[in-house]
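Asker:
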Amino acid sequence: MIRVEGLTRSFGAVRAVDGVGFEANDGRITGLLGPNGAGKSTTLRILYTVLRPQGGGASIDGVDVVADPLAIRRRIGVLPHGAGIYPHLSARENIAYFGRLHGIGGADLARRVEELIAELEIGDYADRRAKGFSQGERIKVALARALVHAPKNLLLDEPTNGLDVMATRALRALILRLKAAGHCILFSSHVMQEVAALCDDIVIIHKGRVVAAGTPDAIRGRFGSQNLEDAFVAAIGDVRGLE
Amino acid sequence: MSPTILTVLTKELRESLRERRTLVNSLLIGPILAPLFFILILKLALSRSVAAQDELTPVTVVNADAAPNLVQQLREHSLDVRLRMGTEADIRRWIAEENELVVLNVPVSFGSRFAEGKPAAVQLYADGSDSQGGKHAMRVREALAAYSSLVGALRLQARGVSPTVVQPVVVDDVDVSTPSARATLILGMLSYVILLATLMGGLYLAIDATAGERERGSLESLLTVPVTREHLIYGKIAATTVMMLAALAIVSSSIAFSLEAIPLETFGMTANFGPSVVWRVFATVAPFSLLAAAILTVVASFTRTYKEAQSWLGIVLLVPTVPIAIAGVLAVQPQAVLMLVPSLSQHLLIQGLLRGEPLPAAWALLAAASCLVLGVALAWLAGRLYRREAILG
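So the protein lines, in turn, are chains R and C.
Sequence positions in the first sequence follow the numbering used here and run 5 to 247.
Sequence positions in the second sequence follow the numbering used here and run 105 to 497.
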């Protein structure tokens, strides 16, 4: 369960995040939707504790992200934007390395890595060096790495970027399975179809502010449009109209 | 040691050992080829200087009949005298086209002027812009001067004057260098070869673990694991140190091995580089490797890409030369206070070992302590850098 309230963060004169607030609940997929530069990545980076907010606050499972970043990191699995893996380690070693950093070892670690390899269907290339992996294979390993400590909450920053159709579908199926297992999943995207296909809740962000939030139906209803894309344009147009 | 540091250390070493290019650069080119190359140059220089001593100076004498005693004297100075006949134009052509180096022309009037006790001129032709010609002309000139002063002395004696009257000052060259000290002069650069190879051993790992990790996009994931960030960077510094120690062990042994190939004794030199010196050189430079690993890591942490890191660290590799070069120019003698200066202290300690006159053990400990304290301080600084948000780049 992720709760964000009035979050602000500037880089120099640019207000990247300007009072963002929303909630993401367990067993649901929440999509952060917005054009490039809207503030999605900055919001996620504050949530996974590599950036500090300048105003407002956020908590995950009731733990404040600023007060106790180590406790937060134990509760979250993170797939950062353009996540890379170690080219000279095999898929299995990449996953195990993060397991060890999470303090898992011995038979527990071996069992957990084996589980993830099966669950994410990495088996075919589990013991190959990651150097020649396709983008899809890389993302899967990075995701397995993020899940190694079985976190309750998942933060995914544009996970389908650069994936082909088949890899995207496989990833969607995986995210749905994780949702069914009761995880709280927050992911960002600028692709409307993806958010429409997956999300239970949508948070539309534009210029660092939330311009609309709710279930897909609620958002469609609010902007009086049949499809989500029109609603998205209308939501962003709203803001432009106010300027 | 915290388990995080150990996990990171193991992983970084495993990755490094798997990449052939890194391994070749870190443990082969630096520690093995650099000393071999150095030793080859040394060998070449030594054999050239020996060859130069044994080499006969060729001199072509024109109109030798006018000065038979002079020619005899030149031969006794072990000059390779050849006789030819020709005009001044011929002489210039021989030097320009026929590779004659030095030509001595004896004028027809030489005999008569010599007999009358008047200054008798000869002309020495050589190409002064040619280093060979200049060198040989100098040796011919020395032989002529010796002949001239010999004849002068005889003439004075014939007139009842002691020849010592015209020798108010006599110079005796006394070479006080011991064979080992002479070798040290030539082998002086070895300490820098050792320091450089040690630095190069950790160079690639230091870049890969910082700028490389960021460029590949794995840094952000790494920073989201629930560990103290300092421990991540300490692990990377520890891995770099281990690679440097490996390079140091290889370079010390490789130098000992390569030096066997040079018959230093034939040049009146001895180099102390037996197994015990190899071990002591390793112990002397080992603390330096922690400092060097921390410096490389701190500098690489500031850079955004692999290439940027490479160009910056290229400059850092030259830093250890600075104190050694300054001390060399100022001809600094080893002192306790200099043991506080990293790289210079290692240089002086290695020189002492090579010379067979090791510096006091307390000095070696002081040098080690200085490197370790600075190394720990820089590692701490690297840890601070990893706490900053800007580390994401």
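Ideal placement from N, C-alpha and C gives every residue a C-beta, glycine not left out.
Against chain C, does R:L83 count as a neighbour if the rule is that its beta carbon must be under 9 Å from one of theirs?
Answerer: Taking Cβ atoms only, chain C reaches closer than 9 Å to R:L83, which makes this a yes.
Asker: Give, in chain order, every unbroken run of the beta strand (DSSP E) that is at least 3 residues long and sits entirely within the region 193-249 of chain C.
Answerer: Within the region 193-249 of chain C, the complete beta strand (DSSP E) runs of at least 3 residues are 206-209, 227-230.
Asker: Run through the DSSP bridge pairs and tell me what R:D26 is partnered with.
Answerer: Checking the displayed sequence, the identity of residue 26 of chain R turns out to be Phe instead of Asp. Per DSSP, R:V8.
Asker: Which residues, in order along the region 405-429 of chain C, keep a beta-carbon less than 9 Å from a beta-carbon of chain B?
Answerer: In summary, chain B is missing from the structure at hand, where the protein chains are R and C.
Asker: Residues of chain R with CB closer than 8 Å to the CB of C:E123, please, in chain order.
Answerer: The contacting residues are H92.
Asker: Identify each residue in the region 316-332 of chain C for which the Cβ-Cβ distance to at least one residue of chain R is less than 7 Å, and report them in chain order.
Answerer: Of all residues in the region 316-332 of chain C, R320, G321, S322, E324, S325, L327, T328, V329, P330, V331 have a Cβ within less than 7 Å of some Cβ in chain R.
Asker: When you compare the CB positions of C:L208 and C:L248, do they come within less than 9 Å of one another, or not?
Answerer: Result yes, Cβ atoms of C:L208 and C:L248 sit closer than 9 Å.
Asker: State the Cα-Cα distance for the pair R:H194 and R:A171, rounded to the nearest angstrom.
Answerer: Taking the straight line joining both Cα atoms gives about 18 Å.
Asker: Are there 16 or more other CB atoms within 10 angstroms of the CB of R:L246, so buried, or fewer, so exposed?
Answerer: With a pLDDT of only 41 at R:L246, under 50, the local geometry of the prediction cannot be trusted, and the value read off the model is given with reservation. Exposed is the call here.
Asker: When you check each C-beta in the region 107-134 of chain R against every C-beta of chain C, which residues fall closer than 9 Å?
Answerer: If the cut-off is 9 Å between Cβ atoms, the region 107-134 of chain R has G107, G109, R133 near chain C.
Asker: Does any residue of chain C bring its CB to less than 9 Å from the CB of R:F102?
Answerer: For R:F102, the answer is yes, since a Cβ of chain C falls inside 9 Å of its Cβ.
Asker: Between which two residues does the beta strand (DSSP E) containing R:V215 stretch?
Answerer: Start and end: 213-218.
Asker: So, does the CB of C:E159 fall closer than 9 Å to a CB anywhere in chain R?
Answerer: By this cut-off, C:E159 is not an interface position.
Asker: Hey, does C:P135 have any beta-carbon neighbour from chain R nearer than 9 Å?
Answerer: Closer than 9 Å: no.
Asker: Assess, as a yes-or-no matter, whether the region 388-395 of chain C is touched by the region 169-177 of chain C under the definition of 3 or more beta carbon pairs within less than 8 Å.
Answerer: These segments do not touch.
Asker: Any beta-carbon of chain C closer than 9 Å to the one on R:L74?
Answerer: With 9 Å as the cut-off, R:L74 counts as an interface residue toward chain C.
Asker: Indicate whether at least one CB of chain R lies closer than 9 Å to the CB of C:R500.
Answerer: Absent from the structure is residue 500 of chain C, since the part of chain C shown begins at 105 and ends at 497.
Asker: Does DSSP put R:R142 in a helix, a strand or coil?
Answerer: Three-state DSSP puts R:R142 in a helix.
Asker: Taking 9 Å as the CB-CB cut-off, is C:E493 touching chain R?
Answerer: With 9 Å as the cut-off, C:E493 counts as an interface residue toward chain R.
Asker: Between R:L55, R:G218, R:I89, which has its C-alpha nearest C:E493's C-alpha?
Answerer: Nearest option by C-alpha distance: R:L55.
Asker: How many angstroms separate the CA atom of R:A238 from the CA atom of C:E334?
Answerer: Distance between the alpha carbons of R:A238 and C:E334 is about 47 Å.
Asker: Which bits of chain C does R:G16 rub up against, with CB to CB less than 9 Å?
Answerer: Within 9 Å Cβ-Cβ: nothing; R:G16 doesn't reach chain C, min ~13 Å.
Asker: Is the CB of C:H115 under 9 Å away from at least one CB in chain R?
Answerer: Sequence inspection shows Lys at residue 115 of chain C; the His mentioned does not correspond to that position. Interface residue, yes.
Asker: Identify whether C:P464 lies in helix, strand or coil by the three-state DSSP scheme.
Answerer: Residue state, collapsed to three classes: coil.
Asker: From which residue to which residue does the alpha helix (DSSP H) around R:L160 run?
Answerer: Unbroken run through R:L160 is the beta strand (DSSP E), 157-161; no alpha helix (DSSP H).
Asker: When the cut-off is 9 Å and only beta carbons count, does C:V480 lie next to chain R?
Answerer: Closer than 9 Å: no.
Asker: When you check each C-beta in the region 34-66 of chain R against every C-beta of chain C, which residues fall closer than 9 Å?
Answerer: Cβ contacts with chain C: R49, Y52, T53, V54, L55, R56.
Asker: In this structure, what does DSSP give as the bridge partners for R:A62?
Answerer: Answer is R:V8, bridged to R:A62.
Asker: On the three-state DSSP scale, how would you describe C:V355?
Answerer: In this structure, C:V355 counts as helix in the three-state DSSP scheme.
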